[in-house]
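*Asks:* Numbering (full-length UniProt numbering), first residue to last: 1 to 472. My structure is below; once you've seen it, I'll send some questions.
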């Protein structure tokens, strides 16, 4: 993981003293002796601190003291690589290749340089040599290879190397943690969870591991497991606000809004920027039907950040509950201006336009919502209502298009059944009616809402009876 680079790079305990001696030498313009290994450490130290000029100066002095050192030539190539002088780096590496055929550092630097020039296959051959030539530090070198591959978004290849690392040392928790990170990047959520769980089996006291695990469980909709994981993360690192925020979201996702409120308030107490927290608190109150408090906290969010589209849209929903349609419309429109790619906003705007009897605008809004999210079946339904009022045939076509991507949605089948019934196509209506009940045995109401006179139709009653619960 790039953010956990300390997994790969560590500075020797005696390095501060070496650097102190070197910097004193430079300051006093006196000569002091350092061996090649010390110079290499100092070059690495300055590179890690992004102090390329200091690294170059160290190397210049080092090469004067050790003019025949091929190790320092490799370091020179590394600085050239760091500075973007790839051809110079390759020339220097070629000059010492005959002497460094058994040095994994040589192959590592050459591999990274080849990656920088887009020669991935040649670079991978070098990385294979890194592992082949490494002896007592094979896993550390593997981590360095993985870090390079991550830098160039070669996650699939990095994954293969990490699996090799597990074969080398099945008990190394860092390998599992890195593999989890890579699997996340590859969008393999189940595999990422498995890797993090193995990491935590080896070391259960890693808060970032529990937090990552919770995030992945939440992604899969396993919010109860997510909450448990976030609880462990909070217990291990009680001052980390992200775990509180993630836990509160997971609670809200399963309708535990009062508990979510408590955790969101804890999160808000930990953060200076509370715009997001206030917005989430407002949404919890909205879901609880406490529209007065929802309005208060959405407004607090907007006081902190007037251009928060989520808060604007949330406030639009609340204002509509108070029958302030014009105010709601203005807020929803502003939310869309700030972020036009949220289908929920367009769906809400469509409903507002229907309320205001602006049917052309409503139709356009629902069409945009569908373009952004074809799985938004409610937009398909409302769009079909607008069009179906003028032409049932066109309403049917819209529902059919919706079913192409939402064939498992009972409400769409029931709406199609209703349109067929109203058109007199009873047999086709019965087929769709039964499909809808097969998907959701309680979906008949969706049909009878449009076709009330079919309630006593024996053909529909016969089909409905097959889906009614039987008494023991």
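Beta carbons are placed, not taken as given, at the ideal position from N, Cα and C, and that holds for glycine.
Which same chain residues end up closer than 8 Å to residue 139 when comparing Cβ atoms and leaving out the 5 residues on each side of it in sequence?
*Replies:* Contacts found: 165, 168, 169, 172 and 175.
*Asks:* Apart from the five residues just before and just after residue 122, which ones in its own chain have a Cβ nearer than 7 Å to its Cβ?
*Replies:* Result list for residue 122: 114, in chain order.
*Asks:* Can you tell me whether residue 80 is buried or exposed? The criterion is at least 16 other CB atoms within 10 Å of its CB, across all chains shown.
*Replies:* Burial call: buried.
*Asks:* When you compare only the Cα positions, how much space is there between residue 25 and residue 109?
*Replies:* 29 Å
*Asks:* Using a Cβ-Cβ cut-off of 6 Å (strictly less than) and excluding sequence neighbours within five positions of residue 451, which residues of its own chain qualify?
*Replies:* 418 and 421
*Asks:* Counting C-beta neighbours from all protein chains within 10 Å, is the total for residue 33 16 or more, i.e. buried, or is it exposed?
*Replies:* exposed
*Asks:* Residue 435 by DSSP, collapsed to three states: which one?
*Replies:* helix
*Asks:* For a minimum of 4 consecutive residues, which ranges assigned as the alpha helix (DSSP H) are wholly contained in the UniProt repeat "TPR" (173–206)?
*Replies:* Counting only runs of 4 or more, we get 173–185 and 189–202.
*Asks:* Going by beta-carbon coordinates alone, are residue 248 and residue 260 separated by less than 8 Å?
*Replies:* yes
*Asks:* Taking residue 342 as the reference, give the member of 372, 51 and 364 with the closest Cα.
*Replies:* For residue 342, the nearest C-alpha among the options comes from 372.
*Asks:* Could you check how far apart the C-beta atoms of residue 402 and residue 377 are, in whole angstroms? I think they sit under 8 Å.
*Replies:* That pair is a contact at about 6 Å.
*Asks:* DSSP on residue 413, reduced to helix/strand/coil?
*Replies:* helix
*Asks:* Nearest to residue 144 by CA position, among 158, 245 and 426, is which residue?
*Replies:* 158
*Asks:* So, residue 229 versus residue 244, is the Cβ gap smaller than 8 Å?
*Replies:* no
*Asks:* Inspect the CB distances between the region 121–136 and the region 88–98 and report whether three or more fall short of 8 Å.
*Replies:* no
*Asks:* Check the C-beta distance from residue 20 over to residue 43 and give it rounded, since I have them as a contact under 8 Å.
*Replies:* Actually they are not in contact, since the Cβ atoms of residue 20 and residue 43 sit about 16 Å apart, beyond 8 Å.
*Asks:* Quick check: the Cα distance between residue 254 and residue 366, rounded to an integer number of angstroms?
*Replies:* Straight through space, the alpha carbons of residue 366 and residue 254 are spaced by roughly 27 Å.
*Asks:* Output needed for residue 339: all residues of its chain with C-beta closer than 8 Å, excluding positions within five of it in sequence on either side, in chain order.
*Replies:* 309 and 345
*Asks:* Identify whether residue 284 lies in helix, strand or coil by the three-state DSSP scheme.
*Replies:* Here residue 284 sits in helix by DSSP.
*Asks:* Do residue 205 and residue 236 come within 8 Å of each other at the CB atom, strictly closer than that value?
*Replies:* yes
*Asks:* Going along the chain, which unbroken runs of the alpha helix (DSSP H) with 4 or more residues stay wholly within the UniProt repeat "TPR" (207–240)?
*Replies:* The UniProt repeat "TPR" (207–240) contains these whole alpha helix (DSSP H) runs: 207–219 and 223–236.
*Asks:* Can you tell me the Cα-Cα spacing of residue 328 and residue 285, whole angstroms?
*Replies:* Between residue 328 and residue 285, the C-alpha separation is close to 18 Å.
*Asks:* Helix, strand or coil for residue 394? Go by DSSP, reduced to three states.
*Replies:* helix
*Asks:* Evaluate the contact criterion for the region 314–333 versus the region 294–303: three or more CB pairs, one atom per stretch, below 8 Å.
*Replies:* yes
*Asks:* Going by Cα to Cα distance, which pick from 14, 27 and 66 is closest to residue 41?
*Replies:* It is 14.
*Asks:* Would DSSP call residue 33 helix, strand or coil?
*Replies:* coil
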